[in-house]
Amino acid sequence: MAIRRLFLFVPLLFVACQSFGQLNSESARIKQLNIYQDSLASLGKIFINNENDLERKNANYQFIKTLVSALKISNSFLFPFDSVKSISIINSPDNRFRIMSWHVVNQDGSYRFYGTIQLNTGGPLKMFPLEDYSPLLKNPEDSVTDNRKWYGAQYYKIVPVYAQKPYYVLIGWKGNTVKSTKKVIEVLSFSNDKPVFGMPVFDGNGKSRKRVVFEYTRQASMLLRYLPEQNLIVFDHLVPPDPKMKDQHEMFGPDLSYDGYKLKNGRWVYQDNLDMRNIPNNSDNELIDPKKQAIEDKKSIRKN
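The numbering of the sequence shown is this note's numbering, which starts it at 204 and goes up by one.
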């Protein structure tokens with residue numbers, strides 16, 4: 204009888220030890236990810252807020268190395284990194300991938316963008332670094348590129364489109380210079396499991412665009428938003444203050460009317476003069492500026 208009990212006890216002990224080992228391993232994994240997250244949050248504050256150009260770039264370099272190390276940890280896709288306020292992290296609605304994107308301000312007031320696409324593999328890391336190729340893309344609305352020639356932006360919305368060839372629309376903010384700001388409607392698809400940016404699916408104004416780029420004065424805010432109930436991307440109509448300035452996009456601003464792109468049969472058809480009286484005019488709230496957020500955090504700390 205004692206021997207029989209021993210034989211029953213040994214398997215139970217093995218299962219208990221195995222479960223404890225898995226629990227301990229999961230705890231260690233989360234602990235390590237939290238350590239990386241703290242480092243990323245600190246480095247992010249430096250490359251956003253530091254006034255020294257070299258300090259910002261060094262912090263960003265360390266940030267990239269740290270982020271790659273963190274993402275190499277098993278099942279890192281499930282870790283939200285929500286304490287890292289300096290970057291935008293958005294998951295595709297089908298949870299197939301997520302995009303991390305951020306910017307660093309150059310000494311001359313221009314912007315350089317960084318990012319990565321992390322696939323949800325359920326196992327080993329599979330990611331595609333995004334390399335900002337913006338200055339060399341002379342005709343971005345007509346270009347199809349890959350992750351090595353990315354038209355850099357900081358994204359705040361992913362819209363899946365279930366067309367004959369499925370793709371995703373990315374809506375993003377693209378700081379430009381000390382005079383102007385840009386926003387972009389991008390298209391992301393996958394070919395042989397590799398990302399492709401740009402697709403001729405935007406129809407209107409006598410041409411088909413592969414992505415849509417808006418440029419306007421830095422002194423203004425521009426609405427650019429997806430309305431799912433209407434399958435509509437709506438945006439401010441931008442105009443120059445004087446018709447003679449029609450080629451000076453750094454002078455453009457909203458005129459209180461709205462245009463949009465309506466999804467029809469997998470393509471986006473341009474529509475003008477939309478009745479959008481219930482849409483608020485200030486849309487830059489869609490993307491929280493990390494520097495402004497840091498100022499608000501400081502104010503909150505003082506109050507408390």
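A virtual CB, placed ideally from N, CA and C, is assigned to each residue, including glycine.
Under the 10 Å beta carbon count, M454 is surrounded by 16 or more other beta carbons and is classified as buried. In this structure N350 is buried. Its beta-carbon is surrounded by 16 or more other beta-carbon atoms within 10 angstroms.
Across the set F405, K260, A244, K397, the C-alpha of K397 shows the shortest separation from the C-alpha of T319. Scanning its chain for C-beta atoms nearer than 8 angstroms, with the 5 sequence neighbours on each side dropped, one finds around Y464 the residues I388, F405, G407, V415, L435, I436, W471, V472, Y473, Q474, in chain order. Counting of Cβ neighbours within 10 angstroms places N379 among the buried residues, the total reaching 16 or more.
Nearest neighbour of I361 by Cα position, chosen from F300, G325, Y317, turns out to be F300. Close CB contacts of K329 within its chain, under the 6 angstroms cut and outside five residues either way in sequence, are with L322 (chain order). For the pair K368 and S346, the Cα-to-Cα distance works out to about 18 angstroms. Excluding sequence positions up to five before and after F266, its CB lies within less than 7 angstroms of the CB of L243, L246, G247, F250, all in the same chain and listed in chain order.
Between E418 and S383, the CB-CB gap stays under 8 angstroms. In this structure, V390 places its C-beta atom within 8 angstroms of the C-beta atom of V372. In the structure shown, G247 falls within a helical segment according to DSSP collapsed to helix, strand and coil. Sequence-distant partners of N298 (beyond 5 residues in either direction) whose C-beta falls short of 8 angstroms from its own C-beta, in its chain, are N323. If only complete runs of 3 or more residues are kept, the stretch 228-311 shows the beta strand (DSSP E) at 291-294, 300-308, in order along the chain. The alpha-carbon of K447 is positioned some 16 angstroms away from that of T420. Sequence-distant Cβ neighbours of L430 in its own chain, meaning closer than 7 angstroms and more than five residues away, are V437. In the three-state reduction of the DSSP assignment, S313 falls in the coil class. Inclusion of V442 and D462 in the CB contact set at 8 angstroms is not warranted, their separation being larger than that value. Where G463 is concerned, the enclosing beta strand (DSSP E) starts and stops at 456-467. Sequence-distant partners of D450 (beyond 5 residues in either direction) whose C-beta falls short of 7 angstroms from its own C-beta are missing from its chain. Residue S291 holds the alpha-carbon nearest to the alpha-carbon of A356 among S277, N342, S291. In the structure shown, L426 falls within a coil segment according to DSSP collapsed to helix, strand and coil.
Judged by their CB atoms, Y317 and S272 are not nearer to each other than the 8 angstroms cut-off. Of the residues I276, S304, P444, L281, the one whose Cα lies closest to the Cα of S289 is S304.
The beta carbons of I276 and L236 sit closer together than 8 angstroms.
Judged by their CB atoms, I374 and L426 are not nearer to each other than the 8 angstroms cut-off. Comparing C-alpha distances from K413 to each of P343, V308, P332 shows the shortest one belongs to P343.
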